[in-house]
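Each step along the sequence shown adds one to the number in my numbering, with nothing skipped, and position 71 is 72.
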Amino acid sequence: EHEGCTVGQGDADDDDNQQPSKPKFDELVENITKAIDELGGEVFPKLMWSCPRDATWINAGENIRCVNPADVILLLKSSDFITHDLCHPFDCCIDGDNADGGGERG
């Protein structure tokens, strides 16, 4: 887990004997499958800023070529670049209002 990017663990009132349920992403997997098919059967995942090129070591062939949703999800989950984009995208940015003396432009 990265600071500022956490996943909830359920309600505090959950029964201690009850096993936590695994999240399901059926709609996401279906959409990824459709996109791969529409794009010719091979894709590489990319967010707005980065692709998971630091995670190629975990993919078969050590590249970012994906042919199914499992490939896409594995690369996205394994990439520090993607984690940074999702959890800390603006850490190095300066607020426009503070950068130019109050946001007034003349």
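Idealized CB from N, CA, C, for every residue including glycine.
query, result
"Which of helix, strand or coil DSSP assigns to Trp-93", "One point to set straight first is that residue 93 is Cys, not Trp, in the sequence displayed. Of the three classes helix, strand and coil, the one that applies to Cys-93 here is coil, per DSSP."
"Cα-Cα separation, Asp-81 to Glu-31", "25 Å"
"Whole-Å CB distance - Pro-70 paired with Ile-33, under 8 Å assumed", "4 Å"
"Where the alpha helix (DSSP H) containing Thr-57 begins and where it ends", "Premise fails: Thr-57 is in no alpha helix (DSSP H) and is neither H nor E."
"As assigned by DSSP and simplified to three states, the class of Cys-52", "coil"
"Opening and closing residue of the alpha helix (DSSP H) in which Ile-37 lies", "27-39"
"Assumed close pair Leu-77, Pro-53 - CB separation to whole angstroms, cut-off 8 Å", "6 Å"
"Range covered by the alpha helix (DSSP H) that runs through Lys-78", "70-79"
"Residue nearest to Ser-51 in terms of C-alpha spacing, selected from Ile-74, Gly-42, His-85 and Ile-37", "His-85"
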